[in-house]
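Enquirer:
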Ligand code: N01
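Numbering (my numbering), first residue to last: 1 to 545.
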């Protein structure tokens, strides 16, 4: 395999061959991690990446205030002790530029860049039954061939842009949080409108509030947000983590969400209100997402959940001065945590500023964007900059965007027309040698995704190399195994409160999307055990032929 490996940031790396053992689509964290494993296993591998930069979501979500809401030490790879010992995180929750620097560091440290074909978007892929291989159509490099195709396209990659009448007439700038310009915007003296109050809107609000002349936040649905309890990392903290990193990784891998928090084994209903208050208070002041594990049944039992709701609502009320405004910012109609909560750095407090206003677009919907601003049924809001923090076509949007055809020309879109059907979230029947990284049917966005990425990268690499060592050409999910898995994913979801919210977990973010629960809610530890069993039982559920 010979390649022209002169790729620097921003240049296309043109292969002189067009046939590989594996093509990975996407150079985000899951693509980079997969490339590292598969190349070390001796396979010829290329990543194709539509951008001229690695990093995936961390390349595209450059909006002000973008930072990880998983602690930096945990939102990083554990496969190389040298890497984890040498990399120095500066903050408990790293900001986007630091995470992007980390992705580039990983890329350079393990010489991954030479196997990335930048500025190359996958348009579609067809499985060739005779050759047991995939033909991948791209926009810049024609057709590429591979035995195995790995979709590492991310769950939050296909941005969702609202269709608001008149948007094209707006005289100012409009940007989406998920396709944010590389050059920072100057908000000084500007009137800014943010549409959307999910994690992205929540993160950018306090930052833009401090810079802009005026900020209008257009909220359709109030969501819960937990304070980040952010801090810089001192040398002493850093040394402590690094001295015990292996234990920390083990704890993360064995915690339900891969975050390292072990749930309190008690029910929220087991404790007196006084004790419960104490436990909630401690979790609230330190744990970020771990707050949802202050009791094991917060996301399992509605009465327990109500105790958390009561606590969180009180916290919101303590932060927002105006009671009417507080009422609007307080979520209602779904359990705490059933929509993914945000982790914030002063979100609610930002609304106490005189230059920030909340626009309730549930009560008075947006009617149009005009040359000068946004019009709701309540009147006009003059603006210079509009930011859509309106989210993504989550889980399936980026997987189904290219036309992928398996056996007998069946498209993945047809196959998944009633919702994703797969085995372990990794493979789907009728699409041999096609693998999905951290997609629907796996813990995915219900987990610290880096932990899930490491699990998938290792599993898929072992599966491919095992088949190769047996001289086998196709790896295909068995239909019965797939049906059982889909049923299992649904059963686990029904044990939780997640289905009670109109969230993207349920496909509610896009009109017409099938309403099925998509991630696996059985936790990363349980899921890893299942992967280990499959591996130890000669890849039960996969037909290798
Ligand atoms: O997107 P969202 P996000 N008109 O879908 C509103 C991850 N993330 O980009 O609920 C008006 O959560 C929509 O309202 P509604 C994280 O997993 C991580 O904020 O549909 N409003 C909602 O308020 C997160 O969950 C970090 O009524 C419209 C908002 O836009 C995921 O990304 C940081 C609308 C969309 O919220 C997505 O977060 C940021 C319309 N037409 C994000 N359409 C980390 O820190 C949508 N909305 C790691």
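Virtual Cβ for every residue (Gly too), placed ideally from N, Cα, C. From a predicted model like this one, the values you see are computed outputs, not experimental measurements.
Per DSSP, which residues does residue 176 bridge with? Please list them.
Expert: DSSP lists 388 as partners of residue 176.
Enquirer: Less than 7 angstroms between C-beta atoms, sequence neighbours within five positions excluded: which residues of the same chain meet that for residue 110?
Expert: Cβ within range, chain order: 36.
Enquirer: Can you find at least 3 beta carbon pairs, one from the region 349 to 360 and one from the region 126 to 134, that sit closer than 8 angstroms?
Expert: Output reads no: the region 126 to 134 does not touch the region 349 to 360.
Enquirer: So if DSSP puts residue 476 in a beta bridge, which residue, or which two residues, is it bridged to?
Expert: Its beta-bridge partners are 543.
Enquirer: Take residue 283 as the anchor and find which of 429, 229, 532 and 256 has the nearest alpha-carbon.
Expert: Of the candidates 429, 229, 532 and 256, the one whose C-alpha sits nearest the C-alpha of residue 283 is 229.
Enquirer: According to DSSP, is residue 134 helix, strand or coil?
Expert: Looking at residue 134 - three-state DSSP - the assignment turns out to be strand.
Enquirer: So is residue 4 buried or exposed if we call it buried at 16+ other beta carbons inside 10 Å?
Expert: At residue 4, the pLDDT of 32 sits below 50, so the modelled position is not reliable and the matter cannot be decided from this model.
Enquirer: Are at least three pairs of beta-carbons, each pair with one atom in the region 178 to 190 and one in the region 84 to 91, less than 8 angstroms apart?
Expert: No: fewer than three Cβ pairs fall under 8 angstroms.
Enquirer: Any heavy atom of ligand 1 closer than 7 angstroms to the beta-carbon of residue 156?
Expert: Yes, since a heavy atom of ligand 1 falls inside the 7 angstroms radius drawn around the Cβ of residue 156.
Enquirer: Compute the distance between the beta-carbons of residue 22 and residue 150, then report whether it is under 8 angstroms.
Expert: Their beta carbons are under 8 angstroms apart, which means residue 22 touches residue 150 by this criterion.
Enquirer: Just to confirm my understanding: we take residue 293, look at its own chain, exclude 5 residues before and 5 after, and list those with CB closer than 6 angstroms. What are they?
Expert: Contacts found: 261 and 263.
Enquirer: Can you grab the Cα-Cα spacing for the pair residue 18 / residue 114, in whole Å?
Expert: About 15 angstroms.
Enquirer: May I ask you to list the residues that DSSP assigns as paired with residue 91?
Expert: Partner(s): 232.
Enquirer: By the three-class DSSP mapping on this structure, what secondary structure does residue 547 have?
Expert: Lying outside 1 to 545, the shown extent of the chain, residue 547 is not represented and no answer is given.
Enquirer: Where does the unbroken alpha helix (DSSP H) through residue 83 begin, and where does it stop?
Expert: Counting along the chain, the alpha helix (DSSP H) containing residue 83 begins and ends at 81 to 86.
Enquirer: What does a CB cutoff of less than 6 angstroms around residue 11 pick up in its chain, not counting 5 residues either side in sequence?
Expert: Bear in mind that a pLDDT of 38 at residue 11, under 50, signals an unreliable position, so the model cannot answer this.
Enquirer: Would you call the region 50 to 60 in contact with the region 472 to 486, where contact means no fewer than 3 C-beta pairs closer than 8 angstroms?
Expert: The region 50 to 60 vs the region 472 to 486: no contact.
Enquirer: If you follow the beta strand (DSSP E) that residue 434 is in, where does it begin and where does it stop?
Expert: From DSSP, the beta strand (DSSP E) with residue 434 extends over 434 to 436.
Enquirer: Of the choices 428, 139 and 106, whose alpha-carbon is the least far from that of residue 120?
Expert: Comparing Cα positions, the closest option is 139.
Enquirer: Hey, could you find the ends of the beta strand (DSSP E) residue 219 is sitting in?
Expert: Start and end: 214 to 219.
Enquirer: Rounded to whole angstroms, how far is the Cβ of residue 447 from the Cβ of residue 258, which I believe are closer than 8 angstroms?
Expert: Indeed they touch by this definition, with Cβ atoms about 4 angstroms apart.
Enquirer: Just to confirm before moving on: does the CB-CB distance between residue 156 and residue 394 stay below 8 angstroms?
Expert: The answer is yes: Cβ separation under 8 angstroms.
Enquirer: Is it the case that the Cβ atoms of residue 176 and residue 464 are separated by a distance below 8 angstroms?
Expert: Against a cut-off of 8 angstroms, the Cβ pair of residue 464 and residue 176 comes out as no contact.
Enquirer: On the DSSP bridge assignment, give the partners of residue 368 in chain order.
Expert: Residue 368 is bridged to 375.
Enquirer: On the DSSP letters alone, give me the boundaries of the alpha helix (DSSP H) that residue 57 sits inside.
Expert: Taken as a continuous stretch (DSSP letters only), the alpha helix (DSSP H) holding residue 57 covers 57 to 60.
Enquirer: Taking only runs that begin and end inside the region 459 to 514, name each unbroken alpha helix (DSSP H) of 4 or more residues, in chain order.
Expert: 479 to 494, all fully within the region 459 to 514.
Enquirer: Does the beta-carbon of residue 91, which I'm using as the reference point, lie nearer than 7 angstroms to any heavy atom of ligand 1?
Expert: Residue 91 Cβ: outside cutoff for every heavy atom of ligand 1.
Enquirer: Check whether the region 155 to 174 touches the region 393 to 412, taking contact to mean three or more Cβ pairs, one atom from each stretch, closer than 8 angstroms.
Expert: At 8 angstroms Cβ cutoff, the stretches touch.
Enquirer: Where do the N-terminal and C-terminal ends of the beta strand (DSSP E) with residue 148 fall, by residue?
Expert: Counting along the chain, the beta strand (DSSP E) containing residue 148 begins and ends at 143 to 151.
Enquirer: Using a threshold of 7 angstroms, is the CB atom of residue 242 nearer than that to any non-hydrogen atom of ligand 1?
Expert: No, since every heavy atom of ligand 1 falls outside the 7 angstroms radius drawn around the Cβ of residue 242.
Enquirer: Can you name, in chain order, every residue of its own chain whose Cβ lies under 8 angstroms from the Cβ of residue 238, other than the five neighbours on each side?
Expert: Counting only Cβ-Cβ distances below 8 angstroms, and skipping sequence neighbours, we find 88 and 89.
Enquirer: Using a Cβ-based criterion (distance less than 7 angstroms to any ligand heavy atom), does residue 203 qualify as near ligand 1?
Expert: Yes, ligand 1 has a heavy atom inside 7 angstroms of this Cβ.
Enquirer: From this set, 513, 317, 144 and 70, which residue's C-alpha is nearest residue 348's C-alpha?
Expert: It is 317.
Enquirer: Using DSSP's beta-bridge definition, name the partner residues of residue 357.
Expert: DSSP output for residue 357 lists 216 as bridge partner(s).
Enquirer: With which residues is residue 204 paired in a DSSP beta bridge?
Expert: In DSSP, residue 204 forms no bridge with anything.
Enquirer: Would the beta-carbon of residue 66 be found less than 7 angstroms away from any heavy atom of ligand 1?
Expert: Yes, the beta carbon of residue 66 sits closer than 7 angstroms to at least one heavy atom of ligand 1.
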